[in-house]
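Asker: Chains as they are written, first to last, in the working numbering: chain Z, 10 to 589; chain G, 10 to 589.
Yeah, the Cβ is synthetic: ideal placement off N, Cα and C, and Gly gets one too.
Everything numeric in this text was worked out from a predicted model, so none of it was measured.
What follows is a structure written as structure tokens; I'll ask about it next.
Here it is as structure tokens:
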């Protein structure tokens, strides 16, 4: 039988995947859309490479959440499909996988789903394309393969059949013998995957994934309050089975456990953070030369110098960056983010609170007339300063440089994989930030876990990233600068400083234009775009990396609270392609 | 409040755990039984160290599957409890955690459970010990904390209360407000753990844990047969989302995927392995000197030499080992297992089958008069030879040395973590072995995954181990030698060659004697023991490691089919303690 494999099944860039798949003797591939979007190769080039390698493009996938929708959504979905048909024509692919709708807004009722799928099949037929409809195991209404077949039969169009996926069938315990009820010529595609036994029952969850209070989602304050109301006088005892903790330093883990209990007691007493940060005072980078040149290009100016230390102040709008002459250690890895200053209503109180939570308060040498700075070390070694306005006077600044940058939007730190839970505890209890979105982002050679946290009112936003085990690149840090016109910045930088901004592949814009009425200037300028479900918008772009650090320029509109997570795989792929 | 932590929550040996826990400022610890069993420190010494560190021993845990049993089991369980009470007296611990019974044999009915727990509490009281009864979320009949309280109240003994564990309560979605129905002085202990959201719904399973056909547990042959009967004529296409594959070499993954489809097609055609191995012909080690000395001590003799290669044959009973003069590469890591010879009814057929599954058939230089050997490379590089009897003649052996060793029982190979699935495919499809037990073993600094596979009739047994990510030691290989009297071997080796066998801690035997009527000679000689549910018995012991290799001596009785998995954590801990 002909043998195919989805590009998502192997690692690397799309070009590398095709090479490896051809070398193993496969006849064809399923092009997984994200692999195409992150590839700099236009579809025609992918088609040519596959042909040169003797590979057919047997399927393009996935097309999601199409059917069982209201009229307005249907119109948008058909428009989105037309964009995909054009991409498929360029690829030379004539079979599109449509997964059953998983949206909570999907409408029950097979007739409507069938009618809409028939419409899709008719449109597809104009392009010589057929539709393979697949029941996802977690589909909103259609989750069984026989149900998908029922809908496809109802739709009754020669260009509409089903795709069977062994995972979606067997993971639900469905009996595959029912497949024999489907005419073979209506089974348009067969995807095979095996799986270990359901990997996570409550026993597995308990034995491998527990964590310390505050690192998960349980309401332990409520539980312990009930225990205390019952009159319990015994100890609070941590019993945590966690595969990461088993491999980490016992000293750090024990200390982190103790921190979690202290924070729990504070929470039981109803104590909130005494001095939650209200903004970024500054971010400090090691290495002056290359970073200074980059800041200059971005519109920053050096506005002050520290009287006793080799530290420069660079400003633009409300964004303040410190550049510190590189130490020997920093010189080896290149520029890196070494400290963050947080505006605090009560720096001494914040430091005292940090100390109560066992954070190492850093000694600080200073001349008598200089501002006193309270600082603690974060788990990854980054110094965190609690600042009032006094620190700025030390630099005798000339006043901020005007420009499109208005401040620091967020800072993303890279955590070693075995310090992720610890870092989360630190940012939560010591800094008073609250967890926001958490996600796993595929990158070409692994997975990136990411968690965003923010202070009251979104004033301070921080993102923790860890490279999953196996990723072979150095962890990167980045500073996102808030900006009131990213498009204008992109226009200037793309023309005056070619190579400074990360290039974005055209395939990304093909997809963006399928999803939104996107301004064609975004494509021309390589600006990334995201929109949330409430209509909030996010425009952003990235500089190349200098040492371990890169900059992002971001523009939020309409109350957008996220971080452009949907675009992260593109960014990671392009950073890999750029060789850093 | 007093703050405690279970020793299982941090990494290291028991002594290291106590140090780290004290340094973090905890007041007490829960001693997790496995940590004690794997520790060379007797309970009195653990007690003294904890006291020196200012730590109380607040709880000893867990005691499992005690209540709701028949009369015979109750008597055995009370005897087991008496052993634990004595250990607790030596530790200075006065609170024992009893988890609700999870055995399928547990009897429903609160009265019987309560009555038996009261009996346990009475016995415990004679030792000044109290019992904290905890509902495990996956308990057979008692899985809710209020149910545990109902049983404890029914038992009505002052020395019996409940232990509350936030994980077991909140993971089930139970409301903690019910805790206030329990008198505070009957809540004997409170264990705290947080957890991320249920980590494995079917979506997570699908997106991260799929694998190629034959690497999991789905019946894909059956599914594809149904698809073919339906008349499908399209491709077989692999769609596998797997975090490990994302990080592994694309070339190897693609090749492994292709192998899985070829094996699936063979299975669809009803083809079985044409020449499944019937036994071990030999195992070959690199490095002659240190391994030869060890083999001599174990009772092997050099019985032959290869006419043209620097390879020696060593024999005892039916066990044949080849020692090959170390290559430069092998000299760096010390002795290692480099090849395995399998008795094959049709070596050429086996090699041809391996080749059809894309295994690299190895070129073999040989003199014209020498036996032809068919060999393929396993994924970890180990050479696998398919042998008939002819190979032995090359060595002109003097005849096997008599001795207690009768043959090779099994061989354990260490796999790099990202080749585990690939190795499983190889052993299954290329060698015709079938998966047996699969387990995860905690070692002091991580987790070890292990999978046993065996040929028809248990003739060939192989174990694949991978160190989980984060384990910092070199992967070890071992050869288990079947033996008809392990106790006699131990007696001779312990007296004549002190230091040759891995020492086994006394705490292991305290536990063994609680579970079984164990021969006291096992303790004296440091022999490990396991018994299966059908009464099959397993006695075994380990040598120290030479280079990357160690030997195990095993004795099976009563149809025992396992590998002494229950003892693996002890072995790993003692290997760590021995510094290798």
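Look at the Cβ atom of residue 271 (chain Z), then the Cβ atom of residue 365 (chain Z), and state whether they are nearer than 8 Å.
Answerer: Contact flag set, yes.
Asker: Should the region 38 to 48 of chain Z be regarded as contacting the region 56 to 71 of chain Z, the criterion being three or more beta carbon pairs within less than 8 Å?
Answerer: yes
Asker: Roughly how many angstroms lie between the CA atoms of residue 456 (chain G) and residue 251 (chain Z), to the nearest whole one?
Answerer: When rounded, the distance between both Cα atoms is 10 Å.
Asker: Flag this pair as yes or no: are the beta carbons of residue 331 (chain G) and residue 395 (chain G) separated by less than 8 Å?
Answerer: no
Asker: Can you list, in chain order, the residues of its chain with a C-beta nearer than 6 Å to that of residue 123 (chain G)? Leave out the 5 residues immediately preceding and following it.
Answerer: Result list for residue 123 (chain G): 160, 163 and 164, in chain order.
Asker: What are the start and end residues of each continuous beta strand (DSSP E) run of 3 or more residues lying completely inside the region 190 to 254 of chain Z, in chain order?
Answerer: 196 to 201 and 245 to 247
Asker: Residues of chain Z with a CB under 7 Å from the CB of residue 147 (chain G): which are they?
Answerer: 211 and 212
Asker: Could you compute how far the alpha carbon of residue 24 (chain Z) sits from the alpha carbon of residue 31 (chain Z)?
Answerer: 11 Å
Asker: Would you mind reading off the limits of the beta strand (DSSP E) that contains residue 312 (chain G)?
Answerer: 310 to 314
Asker: Does DSSP classify residue 606 (chain Z) as helix, strand or coil?
Answerer: Since the displayed chain Z opens at 10 and closes at 589, residue 606 (chain Z) lies outside it and no answer follows.
Asker: Exposed or buried, what is residue 19 (chain Z) when buried is set at 16 or more other beta-carbons lying within 10 Å of its beta-carbon?
Answerer: buried
Asker: Can you find a C-beta in chain Z that's less than 8 Å from the C-beta of residue 10 (chain G)?
Answerer: yes
Asker: Kindly confirm or deny that the region 568 to 582 of chain Z and the region 491 to 510 of chain Z touch, where touching means at least three C-beta pairs closer than 8 Å.
Answerer: no
Asker: Just the C-alpha distance for residue 305 (chain G) and residue 560 (chain G), rounded to the nearest angstrom, thanks.
Answerer: 13 Å
Asker: Could you tell me the alpha carbon to alpha carbon distance between residue 319 (chain Z) and residue 297 (chain Z), rounded to whole angstroms?
Answerer: When rounded, the distance between both Cα atoms is 9 Å.
Asker: In chain order, what residues of the same chain lie with their CB nearer than 8 Å to the CB of residue 12 (chain G), ignoring the 5 residues before and after it?
Answerer: 34, 35, 36 and 37
Asker: Which of the residues in the region 76 to 110 of chain G, read from start to end, lie with their CB under 8 Å from any CB of chain Z?
Answerer: none
Asker: Near residue 91 (chain Z), what residues of its chain come up, given a Cβ to Cβ distance below 6 Å and the 5 sequence neighbours on each side ignored?
Answerer: none
Asker: Is the beta carbon of residue 535 (chain Z) less than 8 Å from the beta carbon of residue 512 (chain Z)?
Answerer: yes
Asker: Examine chain G for any beta-carbon lying closer than 8 Å to the beta-carbon of residue 502 (chain Z), and answer yes or no.
Answerer: no
Asker: Identify the continuous alpha helix (DSSP H) that holds residue 271 (chain G) and give its terminal residues.
Answerer: It spans 259 to 277 - the alpha helix (DSSP H) in which residue 271 (chain G) sits, taken as one unbroken run.
Asker: Per DSSP, residue 69 (chain Z) is paired with what?
Answerer: Z:40 and Z:105
Asker: Anyone know if the C-beta pair for residue 420 (chain Z) and residue 471 (chain Z) falls short of 8 Å?
Answerer: yes
Asker: Use the C-beta contact count for residue 451 (chain Z): other C-beta atoms within 10 angstroms, 16 or more gives buried, fewer gives exposed.
Answerer: buried
Asker: For residue 639 (chain Z), write down the residues that DSSP places opposite it in a beta bridge.
Answerer: Residue 639 (chain Z) lies beyond the range of chain Z shown here (10 to 589); nothing can be said about it.
Asker: DSSP three-state label for residue 160 (chain G), please.
Answerer: helix
Asker: Residues in its own chain within less than 8 Å of residue 422 (chain G) by CB, not counting five upstream and five downstream?
Answerer: 346, 387, 389, 391, 432, 471, 472, 473, 474 and 486
Asker: Taking C-alpha atoms, which residue in Z:321, Z:290, Z:283 and Z:289 lies nearest to residue 300 (chain Z)?
Answerer: Z:321
Asker: Would you give the residue range spanned by the alpha helix (DSSP H) that residue 447 (chain Z) belongs to?
Answerer: Where residue 447 (chain Z) is concerned, there is no enclosing alpha helix (DSSP H), although the beta strand (DSSP E) it sits in stretches over 443 to 452.
Asker: Whole angstroms is fine: what's the gap from residue 157 (chain Z)'s alpha carbon to residue 213 (chain G)'s?
Answerer: 22 Å
Asker: Tell me which residue opens and which closes the beta strand (DSSP E) that residue 170 (chain Z) is part of.
Answerer: 169 to 174
Asker: If you draw a straight line from the alpha carbon of residue 29 (chain Z) to that of residue 268 (chain G), how long is it in whole angstroms?
Answerer: 14 Å
Asker: Please list, in chain order, the chain Z residues whose beta carbon lies closer than 7 Å to that of residue 240 (chain G).
Answerer: 192, 193 and 194
Asker: Grouping DSSP H, G and I as helix and E and B as strand, with all else coil, what is residue 554 (chain Z)?
Answerer: Residue 554 (chain Z): coil per DSSP, three-state reduction.
Asker: Does residue 14 (chain Z) come out as helix, strand or coil in the three-state DSSP assignment?
Answerer: strand
Asker: To the nearest angstrom, report how far apart residue 174 (chain Z) and residue 239 (chain G) are at their CA atoms.
Answerer: 15 Å
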